[in-house]
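Participant: Top to bottom, those sequences are chains A and B. The first sequence lines up with residues 1075 to 1465 when you count with this note's numbering. The second sequence lines up with residues 99 to 436 when you count with this note's numbering. For every residue, glycine included, the Cβ atom is placed at its ideal position computed from N, Cα and C. Pasting a structure below so you can have a look.
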Amino acid sequence: MANSGKIQKPKEFTETRKIMLNYLCMLLALLVAAVYTYGLRALVIAAISVSVTVACKKLCEAITKSEYPHGDLSGLVTGLMIALLMPSTVPYYIPVFAGIFAVVVCMLPFGTAKNSPFVPAAAAICFVTFCFSDKMFLYPSIQNGEYVADKIGTSLTSLLSSGTSVRINSAVVLQILTGQMPSALGTGFIIILFGALLFLLIRYPKNALPSLMFLLSSALFACVFPRVSTGAVSSITMEMCGGILLFSTVFFMSYPSVIPSRTVSSLIWGFVSGIVCMAFRYFGRFEDSLIFGILIMNGTASLFDELPLTKYEKKKLEDSVPYEQTTEPEGIVPEEILNEIPDISDEEIIAQDEEPQAEGVCADGLHEVISTENEIDETSPSIILGGGSNE
Amino acid sequence: MNKRMKTFRLIRNSAIIRNPLLLEAIGLCPVVAIATTLKSAVFLALVTTVELVVCEFLASKFLKKVSRSWRVAIYFLVGAVIVLPIMYLVNRFVPILSLELGVFLPLMAVNSLLALHCERVAVKRTVKDSLLDAVSVSVSYGAVTIITGLLREFLGYGTVGGINVHMPVTFPVMLMPFGGLLILGFSAAFLKSYIYKKYPKSSPDKAFDTSEVRQSLSGSLRELMSDDFNPYDEGGDIGVSENTTAPEKEKTLKPETDKPKTDKPKKEKLKKEKIKKDKKAKRKDSQAEKKTPDIKTNEIPKSEERTYLDDFSDMLSDLESYKAQRNTEDENESEGDE
Chain A
1075 MANSGKIQKP
1085 KEFTETRKIM
1095 LNYLCMLLAL
1105 LVAAVYTYGL
1115 RALVIAAISV
1125 SVTVACKKLC
1135 EAITKSEYPH
1145 GDLSGLVTGL
1155 MIALLMPSTV
1165 PYYIPVFAGI
1175 FAVVVCMLPF
1185 GTAKNSPFVP
1195 AAAAICFVTF
1205 CFSDKMFLYP
1215 SIQNGEYVAD
1225 KIGTSLTSLL
1235 SSGTSVRINS
1245 AVVLQILTGQ
1255 MPSALGTGFI
1265 IILFGALLFL
1275 LIRYPKNALP
1285 SLMFLLSSAL
1295 FACVFPRVST
1305 GAVSSITMEM
1315 CGGILLFSTV
1325 FFMSYPSVIP
1335 SRTVSSLIWG
1345 FVSGIVCMAF
1355 RYFGRFEDSL
1365 IFGILIMNGT
1375 ASLFDELPLT
1385 KYEKKKLEDS
1395 VPYEQTTEPE
1405 GIVPEEILNE
1415 IPDISDEEII
1425 AQDEEPQAEG
1435 VCADGLHEVI
1445 STENEIDETS
1455 PSIILGGGSN
1465 E
Chain B
99 MNKRMKTFRL
109 IRNSAIIRNP
119 LLLEAIGLCP
129 VVAIATTLKS
139 AVFLALVTTV
149 ELVVCEFLAS
159 KFLKKVSRSW
169 RVAIYFLVGA
179 VIVLPIMYLV
189 NRFVPILSLE
199 LGVFLPLMAV
209 NSLLALHCER
219 VAVKRTVKDS
229 LLDAVSVSVS
239 YGAVTIITGL
249 LREFLGYGTV
259 GGINVHMPVT
269 FPVMLMPFGG
279 LLILGFSAAF
289 LKSYIYKKYP
299 KSSPDKAFDT
309 SEVRQSLSGS
319 LRELMSDDFN
329 PYDEGGDIGV
339 SENTTAPEKE
349 KTLKPETDKP
359 KTDKPKKEKL
369 KKEKIKKDKK
379 AKRKDSQAEK
389 KTPDIKTNEI
399 PKSEERTYLD
409 DFSDMLSDLE
419 SYKAQRNTED
429 ENESEGDE
């Protein structure tokens, strides 16, 4: 496998590939559910999206002659994410443009998936939402568990934006959980998404922590500022289960290249992201503008790493640094040794220079006397008498 | 031949290696905000050309002896004088274009491109070279602006110069600043790769160095705040980006010859170095008090015409004599110590 090590080391590559494999498993589960509900059209959209992203990625790598190893599955994962965020009524050219944008703008300039500051799929969805907003929110109706192609349904986010509530009872909850509400291909199956979140929590707890904080802060926001008048429970249920919030929680808030590296930073970042994304949702131009909030918070993730260290982190850092240095850097005398040695006055130093010194040991008994070739004091008796060991 | 090569290099540097939009990243705001159609891009390019040519001519001809603090303000005044009649004419005859340009037309009076190129080139070169630079920069700026405007109109509206080309799909996002920055970013990447292939010895990253203007502004602020500020006094120019003076600067400002490392006992060596450093620091302070009046006052006969190069060479010779003096004092001290 070609690995020049210039941009990405093999260890990082295998780690990225592992994470992408896990993402792929979760996404495939959603895809299966989407195909079951929406039929072959869902599979066609996914196939187009995946093939475009993978082909674009290969082409870009060939043109730029990049030397990092191929096959980290980021293209495949990005393609699937894009497909699952589209409604089933979307024209086929939209996933094509989304795939091209994701690769050319969000992946190519940054090299590998590990270096990208944004989630490519999120950026691509933002792009197509802006360009084709009239087509991105046309969710088909689902009646009696069956997809009705000719009829456009009303999604939960549409109801929320108009202030209309849904009576939350067991039947409605079951519909919401099993993807019976109009939504994008992969965002309606709440039970699968919760299962994916649990899977993420078990496999990559560090990556799942910002997702949980995101969910928590979104729920708090929905509770404190409900858009519907039927109570906090309805508000939280509709906000959490509507739109792409849960999908973003699982896949975008845990994407390896965008989360802060420190645990505390990632928790704070997750919490703040929830608030920002909900604000975008409430005041955004589109039915569900949450994805724009995600993109903004992706870009600010590195700022959260600049936050001051907590006491716990400081202690952990101190414990991890070895107390004794095994090798002394050249030319530098540690302060401890310097402090132990009594101060010698200038005159004493000059006097010592003039005295003939025994081989191997200097006046303070700590260092070997080594004669110099360049900075030679020709009047020094030690040189004249040939005293001092040579290099 | 030498002159021709020099002219060619000046044009090449100004237009390609130091492309103002793509490599210097100067004057981005109007392009990103208003170059959404071919018409507005052409208009923007023309206004910038006129501004640049007039400003660089004036700077090269009259502003060389004016202090930095005043020069930058004068550039913007000149820009305003040029833009005001243009604004009036556009409002009168093409009000639709005026609406399209919005607040960015008056903002072009304070385009940072003017200040940078006047400081970098005009005040340091002849009038002919400055005009050449102005023209080449304007051409490159205009070319990039027009290409950006054309692409954005094509992708965003599906038209070219107002003519509908029946695009099946349009991307309204390209009309936003995001689209402009995207196009400029990719263009910059292509240009850089071209430069690395075609001119491997030149470093396009140096175009991003705007130290002349930064130092001018910060130096000018310090001067303005000092009590003995004289607008017609030539302050010492620190930031010089001329290739001709760079090698001299490197030679004369080279650090003292590295004393070979000794292998004496570490503690004693450190002690000696510490003593020497303390003494040097004390000497430096006392000499700085003595020397600063000498460095500041350069007695230049007013009858002679002096250029920046003359001033700089005077400063370098002063520095050399100062260093030589310090070296002799060091030697005397070390002999005294023995």
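Below 8 Å on the Cβ atoms is my contact criterion, and I expect Leu1259/A with Met1160/A to pass it. Report the Cβ-Cβ distance as a whole number of Å.
Facilitator: On the first sequence, position 185 is the one that residue 1259/A refers to. On the first sequence, position 86 is the one that residue 1160/A refers to. Contact between Leu1259/A and Met1160/A holds, with the beta-carbon distance rounding to 6 Å and staying under 8 Å.
Participant: In chain order, what residues of the region 253-278 of chain B put their CB closer than 7 Å to some CB of chain A?
Facilitator: Using a CB distance below 7 Å, the part of the region 253-278 of chain B facing chain A consists of Val267, Phe269, Pro270 and Val271, ordered along the chain.
Participant: Which first and last residues belong to the alpha helix (DSSP H) in which Pro193/B is found?
Facilitator: Stepping through the second sequence from its first residue, residue 193/B is reached at position 95. Its alpha helix (DSSP H) spans residues Pro193 to Leu199.
Participant: To the nearest angstrom, report how far apart Ser1244/A and Gln1254/A are at their CA atoms.
Facilitator: Along the first sequence, one-based indexing puts residue 1244/A at 170. Along the first sequence, one-based indexing puts residue 1254/A at 180. Taking the straight line from one Cα to the other gives about 13 Å.
Participant: Check this for me: beta carbons of Ile1365/A and Ile1318/A, under 8 Å apart or not?
Facilitator: Locating residue 1365/A in the first sequence gives position 291, where the first residue counts as 1. Locating residue 1318/A in the first sequence gives position 244, where the first residue counts as 1. Yes, the Cβ-Cβ distance between Ile1365/A and Ile1318/A is below 8 Å.
Participant: In this structure, what does DSSP give as the bridge partners for Ile1093/A?
Facilitator: For the purposes of this step, residue 1093/A is taken as residue 19 along the first sequence, with counting starting at 1. Beta-bridge pairing links Ile1093/A to no other residue.
Participant: Have a look at Met272/B and Ser165/B and give me their C-alpha separation to the nearest angstrom.
Facilitator: Here residue 272/B refers to the residue found at position 174 of the second sequence. Here residue 165/B refers to the residue found at position 67 of the second sequence. One C-alpha to the other measures close to 43 Å.
Participant: Can you name the residues of chain A whose CB is closer than 8 Å to the CB of Leu280/B?
Facilitator: As a working mapping, residue 280/B is identified with position 182 in the second sequence. Here the neighbours are Val1179.
Participant: For Pro353/B, count the other beta carbons within 10 Å of its own beta carbon; 16 or more makes it buried, fewer makes it exposed. Which is it?
Facilitator: Numbered from its first residue, the second sequence carries residue 353/B at position 255. Bear in mind that the predicted position of Pro353/B carries a pLDDT of just 43, short of 50, making it too unreliable to give a figure here.
Participant: Give the straight-line distance between the Cα atoms of Asp376/B and Ile1333/A, rounded to the nearest whole angstrom.
Facilitator: Numbered from 1 along the second sequence, position 278 holds the residue referred to as residue 376/B. Numbered from 1 along the first sequence, position 259 holds the residue referred to as residue 1333/A. Cα to Cα, Asp376/B sits roughly 49 Å from Ile1333/A.
Participant: Mind checking the region 1196-1210 of chain A against chain D and listing, in chain order, the residues whose C-beta falls within less than 7 Å of any C-beta there?
Facilitator: This model lacks chain D altogether, as its protein chains are A and B.
Participant: I think Thr135/B touches Gly278/B, with their Cβ atoms under 8 Å apart; what is that distance to the nearest whole Å?
Facilitator: Here residue 135/B corresponds to residue number 37 of the second sequence, with the count starting at 1. Here residue 278/B corresponds to residue number 180 of the second sequence, with the count starting at 1. Contact flag wrong, Cβ pair sits at about 12 Å.
Participant: How far does the alpha helix (DSSP H) with Asp1553/A in it extend, from its first residue to its last?
Facilitator: As displayed, chain A neither begins before 1075 nor continues past 1465, which places residue 1553/A out of reach and without an answer.
Participant: Measure from the alpha carbon of Lys1280/A to the alpha carbon of each residue in Thr1337/A, Phe1299/A and Leu1272/A, then state which is nearest.
Facilitator: Counted from its first residue, the first sequence places residue 1280/A at position 206. Checked all of Thr1337/A, Phe1299/A and Leu1272/A; the closest Cα to Lys1280/A is Thr1337/A.
Participant: Relative to the C-alpha of Val1177/A, which candidate in Gly1153/A, Tyr1167/A and Met1100/A has its C-alpha closest?
Facilitator: Your numbering for residue 1177/A matches position 103 in the first sequence. Of all alpha-carbon atoms in Gly1153/A, Tyr1167/A and Met1100/A, the one lying nearest the alpha-carbon of Val1177/A is that of Gly1153/A.
Participant: How about Lys1188/A and Pro1330/A: are their beta carbons less than 8 Å apart?
Facilitator: For this step, residue 1188/A is matched to residue 114 along the first sequence. For this step, residue 1330/A is matched to residue 256 along the first sequence. Contact flag set, yes.
Participant: When the Cα of Glu371/B is compared with those of Ser432/B, Ser419/B and Ser234/B, which residue comes out closest?
Facilitator: On the second sequence, residue 371/B is found 273 positions in, with the first residue counted as 1. Ranking the options by Cα distance to Glu371/B, first place goes to Ser432/B.
Participant: Would you mind reading off the limits of the alpha helix (DSSP H) that contains Ser112/B?
Facilitator: By 1-based counting over the second sequence, the position of residue 112/B is 14. No alpha helix (DSSP H) holds Ser112/B; DSSP gives it neither H nor E.
Participant: Based on Cα-Cα distance, which residue from Gly283/B, Gly125/B, Ile245/B and Lys163/B lies nearest to Lys137/B?
Facilitator: Position 39 of the second sequence, counted from the first residue, corresponds to residue 137/B. The shortest C-alpha separation from Lys137/B is found at Ile245/B.
Participant: Return the chain-ordered ranges of every beta strand (DSSP E) run that is complete within the region 248-297 of chain B and spans a minimum of 3 residues.
Facilitator: none
Participant: In terms of residue numbering, what span does the alpha helix (DSSP H) encompassing Val148/B cover?
Facilitator: Translated into positions along the second sequence, residue 148/B becomes position 50. Taken as a continuous stretch (DSSP letters only), the alpha helix (DSSP H) holding Val148/B covers Leu136 to Phe160.
Participant: Which partner residues of Asn1226/A appear in the DSSP bridge assignment?
Facilitator: Mapped onto the first sequence, residue 1226/A falls at position 152. Note that residue 1226/A is Ile in the sequence shown, not Asn. DSSP, once it has assigned bridges, lists Pro1214/A as partnering Ile1226/A.
Participant: DSSP on Pro1279/A, reduced to helix/strand/coil?
Facilitator: For this step, residue 1279/A is matched to residue 205 along the first sequence. Three-state DSSP puts Pro1279/A in a helix.
Participant: Is it true that the CB of Phe1345/A sits closer than 8 Å to the CB of Ser1291/A?
Facilitator: For the purposes of this step, residue 1291/A is taken as residue 217 along the first sequence, with counting starting at 1. For the purposes of this step, residue 1345/A is taken as residue 271 along the first sequence, with counting starting at 1. Result yes, Cβ atoms of Ser1291/A and Phe1345/A sit closer than 8 Å.
Participant: Just the Cα atoms here: how many angstroms apart are Gly1145/A and Arg1091/A?
Facilitator: One-based indexing of the first sequence puts residue 1145/A at position 71. One-based indexing of the first sequence puts residue 1091/A at position 17. One C-alpha to the other measures close to 8 Å.
Participant: Using only CA atoms, which one of Ser1394/A, Val1126/A, Leu1377/A and Arg1359/A lies nearest to Thr1231/A?
Facilitator: Indexing the first sequence from 1 puts residue 1231/A at position 157. Comparing C-alpha distances from Thr1231/A to each of Ser1394/A, Val1126/A, Leu1377/A and Arg1359/A shows the shortest one belongs to Arg1359/A.
Participant: Does DSSP put Tyr1166/A in a helix, a strand or coil?
Facilitator: Residue mapping note: residue 1166/A aligns to position 92 of the first sequence, counting from 1. Tyr1166/A falls in the coil class under three-state DSSP.
Participant: Taking 8 Å as the CB-CB cut-off, is Tyr1167/A touching chain B?
Facilitator: The residue given as residue 1167/A occupies position 93 in the first sequence. True, the Cβ-Cβ gap to chain B drops below 8 Å.
Participant: Return the first residue and the last residue of the alpha helix (DSSP H) that Phe1148/A is part of.
Facilitator: Position 74 of the first sequence, counting from 1, holds the residue named residue 1148/A. The question names Phe, yet the displayed sequence has Ser at residue 1148/A. Start and end: Ser1148 to Leu1158.
Participant: Taking Pro128/B as part of the alpha helix (DSSP H), name the residues at either end of that continuous run.
Facilitator: In the second sequence, counting from the first residue as 1, residue 128/B sits at position 30. From DSSP, the alpha helix (DSSP H) with Pro128/B extends over Leu126 to Ile132.
Participant: Using a Cβ-Cβ cutoff of less than 8 Å, which residues in the same chain neighbour Thr224/B once the five nearest sequence positions on both sides are dropped?
Facilitator: Stepping through the second sequence from its first residue, residue 224/B is reached at position 126. Within the same chain, Thr224/B has close Cβ partners Ser158.
Participant: Among Gly125/B, Ser285/B and Val242/B, whose alpha-carbon lies nearest the alpha-carbon of Val1179/A?
Facilitator: Here residue 1179/A refers to the residue found at position 105 of the first sequence. The shortest C-alpha separation from Val1179/A is found at Ser285/B.
Participant: Please classify His215/B as buried or exposed, where buried requires at least 16 other C-beta atoms within 10 Å of its C-beta.
Facilitator: Here residue 215/B is taken as the residue at index 117 of the second sequence, counted from 1. Result: buried.
Participant: Would you identify the three-state DSSP class for Leu205/B, choosing helix, strand or coil?
Facilitator: Here residue 205/B corresponds to residue number 107 of the second sequence, with the count starting at 1. Correct three-state label for Leu205/B: helix.
Participant: I think Gly1316/A touches Leu1234/A, with their Cβ atoms under 8 Å apart; what is that distance to the nearest whole Å?
Facilitator: Here residue 1316/A refers to the residue found at position 242 when the first sequence is read from its first residue. Here residue 1234/A refers to the residue found at position 160 when the first sequence is read from its first residue. Rounded, the Cβ-Cβ distance is 6 Å, consistent with contact.
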